[in-house]
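Visitor:
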Amino acid sequence: MPIAACGQFCAVNSIVKNLNACTLLVKKAVAAKAKVLFLPEASDYISSSPAESLALCVPASKSLFVRGLQQLAKDNALPINVGIHEPAPDGERVRNVSVWIDEKGEITKRYQKVHVFDVDIEGGPRLMESKSTEPGSLLTPPFPTPLGRLGMLICFDLRFPEPSISLLHAGAQLLSYPSAFTVPTGRAHWSTLLRARAIENQCFVLAAAQIGKHNQKRISYGGSMIIDPWGKLLSSCNGIDDDKELETLIAGEDGGTEDQIEICTAELDLEVLEKIRREVPMKRRFDVYAEL
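Counted from 1, the sequence shown has number 241 at position 233 by the working numbering; the numbering is strictly sequential.
#1: Evaluate Q218 with the Cβ neighbour count: other Cβ atoms within 10 Å of its Cβ, from every protein chain shown; 16 or more gives buried, anything less gives exposed.
#2: Alpha carbon to alpha carbon, how far is R167 from L4? Give it in angstroms, no decimals.
#3: Taking the continuous alpha helix (DSSP H) assigned at I23, which residues delimit it?
#4: Do I269 and G239 count as a contact pair if the criterion is CB distance below 7 Å?
#5: Out of curiosity, what's the CA-to-CA distance linking K82 and G113?
#6: Taking C-alpha atoms, which residue in R101, I173, E287, P87 lies nearest to A204?
#7: Between which two residues does the alpha helix (DSSP H) harbouring P58 extend?
#8: Residues in the same chain with beta-carbon distance under 6 Å from S228, minus the five sequence neighbours each way, listed in chain order, please.
#9: In terms of alpha-carbon separation, which member of Y119, S184, Q210 lies closest to S106?
#10: Does H177 come out as helix, strand or coil in the three-state DSSP assignment?
#11: Quick one: give me the first and last residue of the beta strand (DSSP E) that S5 is part of.
#12: Return the residue from the list A59, T116, L33 that minimises the CA-CA distance to N84.
#13: Tell whether a beta-carbon distance below 7 Å holds between Y53 and N89.
#14: Which residue's Cα is closest to the Cα of L201: I271, R293, I235?
#15: DSSP state of A19, grouped into three classes?
#16: Could you round the C-beta distance between L158 and L135 to whole angstroms and report it? I think they count as a contact, below 8 Å.
#17: Pick from K225, T116, S145, R101: whose alpha carbon is nearest that of V122?
#18: Considering Cα atoms alone, identify which of K283, H222, L175, C245 is closest to I258.
#19: Our contact map puts C18 next to G247 with C-beta atoms below 8 Å; I'd like the distance itself, whole angstroms only.
#20: Counting along the chain, where does the alpha helix (DSSP H) carrying L281 start and finish?
#21: Between the alpha carbons of L254 and P192, how many angstroms are there, rounded?
#22: Can you tell me which of S61, F151, E49, E275 puts its alpha carbon nearest to the alpha carbon of A12?
#23: Does the beta-carbon distance from P149 to A178 come in below 7 Å?
#24: Between the Cα of I115 and those of E130, P143, P67, K139, spot the shortest distance and give me the residue it belongs to.
#25: Using only CA atoms, which one of D98, K25, P97, D126 lies nearest to G76?
#26: If you follow the alpha helix (DSSP H) that T200 is part of, which residue opens it and which one closes it?
#27: Using three-state DSSP, classify C163 as helix, strand or coil.
#28: Compute the beta-carbon to beta-carbon distance between C338 and G230, rounded to the nearest angstrom, for a pair I have assumed lies under 8 Å.
#29: Here's a check: name, in chain order, each residue in its chain whose Cβ is nearer than 7 Å to the Cβ of L176, leaving out the five neighbours to either side.
#30: Just verifying my parser: in three-state terms, what is the DSSP assignment at F151?
Spelled out as structure tokens, the structure:
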């Protein structure tokens, strides 16, 4: 059975440092004999301000980070699904996208995040992605991969069942959610939402996440995981669930540590998926409620 790998690390505002971390994740995935590596949202960089993000953002064709990953994919015949930024046409915002780099190093699929993340948690982070990020307007149809037919979504899309159900109807067997959840929302909702999407769509879910202190304004929860169509956790990385660990991160220096650069892996058996779908058929009543 093919093996999937989900990577986890702490992106900062240095393209070179982030590429170095992802290079290590590629090496770990190759050593684990993975057929696909999934990397987090915003793997190319996480900035401290919208202005810094605009300064760092370049087209994928000119990105040192993306071109480096393309070469790694080609050298290792390893497809990579990764979250990056691309410039929006208005020149004032960026696009939050997930790209599929095939085993030849070519970008063959691209999805732009539909649901932007606006949150203002009392006593916690305030992030208004809509001010700096152009939302997408289309879902990318599921496409064949060495693991099965993949539907790509991103982070905050996880809170909305509709796009995943639409991808299911279009033939998805796998759903990817490259993410960068905050610590409060990660602790409360991350694993619950991922399991819900896996169960209701009877799909494998692959969620690669950012972890650690990116800058003085932002810390990500982590907890990358792979879940089967029954909602069973197959494999996972560490999340920031300990308050003392969080306090240490807050007081410490910006940027990740080498022990935060890790992968989780699992074998994906499509026969298990077909068995679940056969034994528990989801017979939707579109005569009663609206069809998505």
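Ideal placement from N, C-alpha and C gives every residue a C-beta, glycine not left out.
Guide: Quick look at the numbers:
#1: Buried: at least 16 other Cβ atoms inside 10 Å.
#2: Because residue 4 is not part of the residues shown, which for the chain are 9 to 300, the question remains open.
#3: Unbroken alpha helix (DSSP H) run through I23: 23 to 39.
#4: Contact flag unset, no.
#5: Taking the straight line joining both Cα atoms gives about 4 Å.
#6: Ranked by Cα distance from A204, the first of R101, I173, E287, P87 is I173.
#7: 58 to 64 is the span of the alpha helix (DSSP H), which, as asked, contains P58.
#8: Here the set comprises A188, Q218, I219.
#9: When C-alpha distances from S106 are compared across Y119, S184, Q210, the shortest belongs to Y119.
#10: The answer is helix: DSSP assigns H177 an H, G or I state.
#11: Because the chain in this structure spans residues 9 to 300, residue 5 falls outside the shown range and cannot be described.
#12: If we check each option's Cα against that of N84, L33 comes out closest.
#13: No, Cβ-Cβ distance for Y53 and N89 is not below 7 Å.
#14: Of I271, R293, I235, the residue nearest in Cα terms is I235.
#15: Judged by DSSP in its simplified three-state form, A19 adopts coil rather than helix or strand.
#16: Between L135 and L158 the Cβ distance is about 27 Å, and since that is not below 8 Å, they are no contact.
#17: Among K225, T116, S145, R101, the Cα nearest to that of V122 belongs to S145.
#18: Out of K283, H222, L175, C245, H222 has the C-alpha closest to the C-alpha of I258.
#19: The Cβ separation is near 13 Å, so there is no contact.
#20: Where L281 is concerned, the enclosing alpha helix (DSSP H) stretches over 278 to 287.
#21: Taking the straight line joining both Cα atoms gives about 11 Å.
#22: Nearest of S61, F151, E49, E275 to A12, Cα basis: E275.
#23: Cβ atoms of P149 and A178: closer than 7 Å.
#24: Comparing alpha carbon positions, the residue from E130, P143, P67, K139 closest to I115 is P67.
#25: Comparing Cα-Cα distances from G76 to each of D98, K25, P97, D126, the minimum goes to K25.
#26: Following the DSSP letters along the chain, one finds T200 inside the alpha helix (DSSP H) bounded by residues 199 to 209.
#27: Looking at C163 - three-state DSSP - the assignment turns out to be helix.
#28: The structure shown does not extend to residue 338, since the chain spans only 9 to 300, so no value can be given for it.
#29: Excluding residues within five positions, the ones whose Cβ falls inside 7 Å are N209, C211.
#30: Of the three classes helix, strand and coil, the one that applies to F151 here is strand, per DSSP.
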